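S.K.:
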Amino acid sequence: MPKRKRNKKIKKGRGRPRKKVIKERKHKVKYVPHLLRGVRDILPEDQSYFQYVLKQAEILAESYNFQRIDTPIIEERELFEKGIGQSTDIVEKQMFTFTDKGKTKVCLRPEGTAPIVRAYLEHGMFNLSQPIKVYYSGPMFRRERPQSGRYRQFYQFGLEVIGSDKPVIDAEIISFAYSLFDALKIDVLIKVNSIGCSECRKAYRRKLVSYLRSKRNKLCKDCQRRLKTNPLRILDCKNPDCQRIIKKAPQVVDWLCENCRQHFVRVLEYLDELKIPYSLDPYLVRGLDYYTRTVFEVWPTRKSLETNFALGGGGRYDNLIKMFSNRDIPACGVAFGIDRIVEELKAEKIKIPKKKAPQIFIAQIGEFARQKALRIFETLRREKFRVVENFSKDSLRTQLELADKLKAKYTLIIGQDEAHNETIIVRDMTSGSQETIDQEKIVKEMRKRLR
Ligand SMILES: [Zn+2]
Ligand SMILES: [Zn+2]
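Position 201, counted from 1, in the sequence shown is what the working numbering calls 284; the numbers after and before it change by one each time, with no gaps.
(1) From residue 396 to residue 381, what distance separates their C-alpha atoms?
(2) With H, G and I counted as helix, E and B as strand and the rest as coil, what does DSSP make of residue 183?
(3) Which one of 376, 132, 454, 225 has the shortest CA to CA distance from residue 249?
(4) Could you tell me how far apart the beta carbons of residue 299 and residue 309 are, in whole angstroms, since I believe they sit closer than 8 Å?
(5) Could you give the DSSP three-state label for residue 513: helix, strand or coil?
(6) Report the start-end ranges of each alpha helix (DSSP H) in the segment 140-190 that is 4 residues or longer and not cut off at the edges.
(7) Taking buried to mean at least 16 other C-beta atoms within 10 Å of its own C-beta, is residue 183 buried or exposed?
(8) Quick check on this structure: which residue in 533, 479, 437 has the alpha carbon closest to the alpha carbon of residue 535?
(9) For residue 95, count neighbouring Cβ atoms within 10 angstroms of its own Cβ and tell me buried if that reaches 16, exposed if not.
(10) Quick check on residue 445: does DSSP put it in helix, strand or coil?
(11) Just the residues with CB closer than 6 Å to a heavy atom of ligand 1, in chain order, which are they?
(12) What does the shell around ligand 2 hold, if a residue joins when its beta-carbon is under 5 Å from any heavy atom?
(13) Using the C-alpha atoms, what's the distance from residue 154 back to residue 119?
(14) Any idea if residue 384 is buried or exposed, counting beta-carbon neighbours within 10 angstroms, 16 or more meaning buried?
(15) In its own chain, which residues sit with a C-beta less than 8 Å from the C-beta of residue 173, not counting the 5 before and 5 after it?
(16) How should residue 181 be labelled, buried or exposed, when 16 other C-beta atoms within 10 angstroms of its C-beta is the threshold for buried?
(17) Going by DSSP, which residues form a beta bridge with residue 256?
(18) Let me know the secondary structure DSSP gives residue 219 once reduced to three states.
(19) Rounding to the nearest angstrom, what Cα-Cα distance links residue 407 and residue 158 in this structure?
(20) Would a check of beta-carbon distances place residue 147 closer than 7 Å to chain D?
(21) Nearest CA to the CA of residue 126: which residue from 280, 422, 527?
(22) Answer yes or no: do residue 219 and residue 152 have a C-beta to C-beta separation smaller than 7 Å?
(23) Could you spell out where the beta strand (DSSP E) holding residue 358 opens and where it closes?
(24) Mapping DSSP to helix, strand and coil, what is residue 277?
(25) Taking the beta carbon of residue 331 as the centre, do at least 16 other beta carbons fall within 10 Å, making it buried, or is it exposed?
(26) Can you name, in chain order, every residue of its own chain whose Cβ lies under 6 Å from the Cβ of residue 84, other than the five neighbours on each side?
(27) Specify whether the segment 339-347 and the segment 292-306 touch according to this definition: at least 3 beta carbon pairs, one from each stretch, less than 8 Å apart.
(28) Starting from residue 471, follow the beta strand (DSSP E) in both directions and report where the run begins and ends.
(29) By how many angstroms is the C-alpha of residue 392 removed from the C-alpha of residue 516?
(30) For residue 253, which of 461, 359, 470 has the nearest alpha-carbon?
(31) When you compare only the Cα positions, how much space is there between residue 334 and residue 436?
(32) What is the rounded straight-line gap between the Cα of residue 498 and the Cα of residue 508?
(33) Would you list the residues sitting across from residue 238 in a DSSP beta bridge?
(34) So, is residue 401 buried or exposed, given that buried needs 16 or more other C-beta atoms within 10 angstroms?
(35) So, is residue 458 buried or exposed, given that buried needs 16 or more other C-beta atoms within 10 angstroms?
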C-alpha cells in the first residue's frame, strides 16, 4: 500500500495508531529468509504453464485408462539404494537422505518408479487383474550440481504398467509419450534401444568391458571408476573424449538373446504401425540399474537451443520387483520432466490456452456500497458467473480501468445512491451504454445478457 494512503486511513481513525507503525518499520530484522540453493519458487505467473502441462498429461492418461496413484515424497532410504542401484549417480551423489528423530534412515524420493513398485507389493496389487496401469505426478529431489535447467526439486509426471511383459505395452507407453507432445505441440523424436535381459546383458557387459579396458587411459576419471562399478553407464558419459571411444564400442543390440531380439523387433513394428517417428540409438542405456530390454528417451527436435535434456524417458524394468520380493513380475514405465517441458513451451513460444476473461466486474464507491457489492459478488459467484472485483480500490476510474484490462463484458456499479435505493448500474463495456436496474433482478438480467 502506498504511504500516502496509509496515512490517510490512520487519520480517519482506522488501522493501527501512527506511533506503532513507525516503530514497526524501524524494528531490526534478525533473519532474512532465502531460497535454498538449487531450488525455486513457481510463481503464480508460471503456474498456468505447469497446470496446463499436468492437465494435458492427466487427460491423456485417463484416456489410455490409467488410474492416478500418489505415494509419499519420503521413503526408506534402502528402497532407492536397492532399486536404483548403489553405483548410480543418483544413489552415490544425489539423494537427500537423513536419519529422522526416530532413527529411521529416510530419503526424499529421487524418482517415482521404486515407490510405486513398493506400493504395488505392499497393497497386494498383484492380486488384481493385471496389468496395473497407474499415473502419478509430483516433486522429486536430487542434489544435483546447480545449473540452468536443473533443479534439486523438480516435477515429474509418470506412468507405470506393472504385470505384463508384452512388447505392445512398451509401444503403448511410447505412443503415450508421443501423443502427449503432439497435444502440447512440441515436435519430438523418440530415441529407442534395447539393453536386453540380465542374461544377454552379461555377455555384452563382458565384451564392452574388454573393449573399454583397452582404452582405459583415454576415459575420464568417472568412467575409469565406472569401468569397475557400472560399465554400461560409460555409454551415457557426455565427456567428448569418452564419446569418441563410445562411438566405436560394441553395441548391445548385437548381443541380444533371441527372446530379447524378438521382443525389440515387435516393439519397433508396433511403432511403425502407429507411425511414430523414432530413431535407434545403440548407446542409449538410461541411468538406472533397473532397466531391462526397451529403453527410450524423448528429445525435442528444434535445433535453435542446445538441447542437453531429454523431455522424458523410460523403459522396461522386468527385474525390479524381483529385487524386493519372490515375485517375478515384469513392468514398463515412463517419466516426463515437467520443468523442462515448460521451458520448451516458453522457448518455442507455444501459446497455451488463456483463462477465460471474466463476464462481470463489480465496482463500488463508498463503504456502504462496498458492503452491498460484496453480497452481490457472492450471489453471482454462486450462480456460476465468472465475476471479479477489487474491493480494496476506492476510485471508480481505477476500477473501470481494471475491468477494461481484464476484458470483462459488463461492469456492475454500485454508488452511494444505488446502495440506498437497492439498485445497480449495468455498464456494457463494449458499447459504454448503462442501465440502472433493481439489485434483486441482477441474476436474471445478467443471465439474459450473457446467454
Ligand atoms: Zn535377453
Ligand atoms: Zn566419461
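The beta carbon of each residue, even a glycine, is placed where N, CA and C say it ideally should be.
Since this is a predicted model, take the numbers as computed values, not measurements.
M.R.: On the basis of the coordinates in this document:
(1) Those two C-alpha atoms are separated by around 6 Å.
(2) coil
(3) 376
(4) With a Cβ gap of about 11 Å, residue 299 and residue 309 do not count as contacting.
(5) coil
(6) 160-167
(7) For residue 183, the number of other beta carbons within 10 angstroms of its own is below 16, and it is reported as exposed.
(8) This structure does not reach residue 535, given that the chain is present from 84 up to 534, and the question cannot be answered.
(9) Its pLDDT being 47, under 50, residue 95 is placed unreliably in this model, and the coordinates cannot settle the point.
(10) strand
(11) 279, 280, 282, 283, 339, 340, 342, 343
(12) 303, 306, 320, 322, 325
(13) 24 Å
(14) Residue 384 should be labelled exposed.
(15) 163, 167, 193, 194, 225, 370, 371
(16) exposed
(17) Bridge pairing for residue 256: absent [DSSP].
(18) In the structure shown, residue 219 sits in a strand (DSSP, three-state: E or B).
(19) 14 Å
(20) Here chain D cannot be found, since the structure has a single protein chain.
(21) 422
(22) yes
(23) Here residue 358 belongs to no beta strand (DSSP E), and DSSP marks it neither H nor E.
(24) strand
(25) exposed
(26) Confidence at residue 84 is low in this model, with a pLDDT of 41, below 50, so the placement of that residue is unreliable and no value is reported for it.
(27) no
(28) 470-472
(29) Taking the straight line from one Cα to the other gives about 55 Å.
(30) 359
(31) Using only the alpha carbons, I get a separation of about 44 Å.
(32) 9 Å
(33) 222
(34) buried
(35) exposed
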